[in-house]
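> Protein chains in written order, with this note's numbering: chain C, 267 to 469; chain U, 267 to 469. We put the beta carbon where it would ideally sit given N, CA and C, even for glycine. All figures in this text were calculated on a predicted structure; none of them were measured in a lab. I'd like to ask some things about the structure below.
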DNA sequence: GTCTATAGATAGATAGAC
DNA sequence: GTCTATCTATCTATAGAC
């Protein structure tokens, strides 16, 4: 089929996808306008439909890609050759790097899944079971306190993500200038590592 | 003015407000439909405009009330007569109670402020400065580790809120049935108290 | 592939009867 | 205060020229 294989998407298509990610992350699905996406990449509104048929299909394309981004670092937790807390450290490092590169991703993700829980059906959730086993093993062998694994994962994610989620609110309430807040985000990883050790190490 | 003072709002008005809170928390501002709110309380769509003029004014009414709900427990942190960690405990207890009663509040709040940061201008942020002072005093007197206060408050909120924010995602990935997830939420407060002590107590 | 023009549907808001 | 009917604006999506 000529040179139109999936490894050679057109430049226009890529521009639209990039613009769509920006607008959807900023305004959400319902609040986003196809015209805003067209403006963002300097393209014509009709082109968006030419390439992606509908607003919903374009949104799904962005959403599922971002969902992968949000979860893919978690596989590193499964490498049981390495010390548990070192694995946690590596995960947090990667996760914070991802969040710094995608600061608006968490809001978009949580909002979308809250408003369209049916999207979850199409997503792979197989690593949940594996992660449970991993945490269970560490508990059985006495390296971390005994606690439902959900508390562990929501703690890592909660501690890491909250400063990004709460950025506008927190910087307003605490009157923190943008550069200082950025510095706080960059040093957050170190604090989260400390916190996870402190709360999980047996006494 | 007859009996129309602010302490005697009409029954209809209250019904609309309650329905609006449900729909706005579920669908967000952009996604919500005036018709959906009317259906939710069995009222006529035109009545919503009669009582609140516009969708935006109705939304602001809900939003600012919910914002107060989200932050009002934090004042208990300021009562310096009580031991710091006891205050933290009391706050977490109240906060978790509030979250269990308003499980959809966090998504709505973070989404709205992300999409309409200008709403923050109308909100009182005066307790931020006071909270900073309180944390600073505890650090100076060696009762907690030295750390930027923002890390503390985002940790409490992050640990408390994340299981609510991530509920659909987490229960899907970890395959947790609704009743078990509910139990996890109810025991979360105890874990957050433990975690805050562990991460803040000086070694 | 890319554009202009427009169809088609929907939602917020209002007019006016009761 | 509450209803029905309708106006008006807006947005997604498509038709059709180039």
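Alpha carbon to alpha carbon, how far is residue 444(U) from residue 415(C)?
Rounded to the nearest angstrom, the two C-alpha atoms are 16 angstroms apart.
> What residues in the region 405-425 of chain U bring their beta carbon closer than 8 angstroms to a beta carbon of chain C?
The residues in question are 413, 414, 415, 416, 417, 419, 420, 421, 423, 424, 425.
> First and last residue of the alpha helix (DSSP H) that includes residue 294(U)?
Here the alpha helix (DSSP H) through residue 294(U) covers 277-297.
> Let me see if you follow: with CB-CB separation under 7 angstroms, is residue 340(U) close to chain C or not?
Not one chain C Cβ lies under 7 angstroms of residue 340(U).
> With a floor of 3 residues, list each beta strand (DSSP E) that falls wholly inside the region 360-399 of chain C, ordered by position along the chain.
None, since the region 360-399 of chain C contains no complete beta strand (DSSP E) of that length.
> Once you ignore the five residues that flank residue 320(C) on each side, which residues in its own chain have a CB closer than 7 angstroms to its CB?
Closer than 7 angstroms at the Cβ level, and outside the excluded window around residue 320(C), lies no residue.
> Can you check which of these residues, 305(U), 310(U), 393(U), is closest to residue 437(C) by C-alpha distance?
Per the Cα distances, 393(U).
> Note down, in chain order, each residue of its chain lying with its Cβ closer than 6 angstroms to the Cβ of residue 291(C), except the 5 sequence neighbours on either side.
Correct list, in chain order: 370, 374.
> Answer yes or no: do residue 353(U) and residue 343(U) have a C-beta to C-beta separation smaller than 7 angstroms?
Yes.
> Measure the Cβ-Cβ separation of residue 288(C) and residue 275(C) and say whether it is below 7 angstroms.
It is not a contact, given that the beta carbons lie outside the stated cut-off.
> Kindly say whether residue 329(C), judged by its beta-carbon, lies nearer than 7 angstroms to any beta-carbon of chain U.
So no, residue 329(C) is outside the interface.
> Of all Cβ atoms in chain C, is any one closer than 7 angstroms to the Cβ of residue 371(U)?
Not one chain C Cβ lies under 7 angstroms of residue 371(U).
> Do you know how far the Cα of residue 417(C) is from the Cα of residue 351(U)?
If I take the Cα positions, the gap works out to 21 angstroms.
> With a CB to CB cut of under 8 angstroms and the five nearest residues on each side skipped, what residues in its chain are close to residue 396(U)?
Correct list, in chain order: 344.
> In the DSSP assignment, the alpha helix (DSSP H) including residue 437(U) goes from what residue to what residue?
Per DSSP, residue 437(U) belongs to the alpha helix (DSSP H) from 433-439.
> What residues in the region 354-387 of chain C have a beta carbon less than 9 angstroms from any beta carbon of chain U?
Those residues of the region 354-387 of chain C that come within reach of chain U (Cβ to Cβ, closer than 9 angstroms) are 370, 372, 373, 374, 375, 376, 377, 379, 380, 381, 383, 386, 387.
> Does any CB atom of chain C fall closer than 7 angstroms to the CB of residue 440(U)?
Interface residue, yes.
> What's the call for residue 330(U), buried or exposed, on a 16-neighbour Cβ count within 10 Å?
Answer is exposed; the Cβ neighbour count stays below 16.
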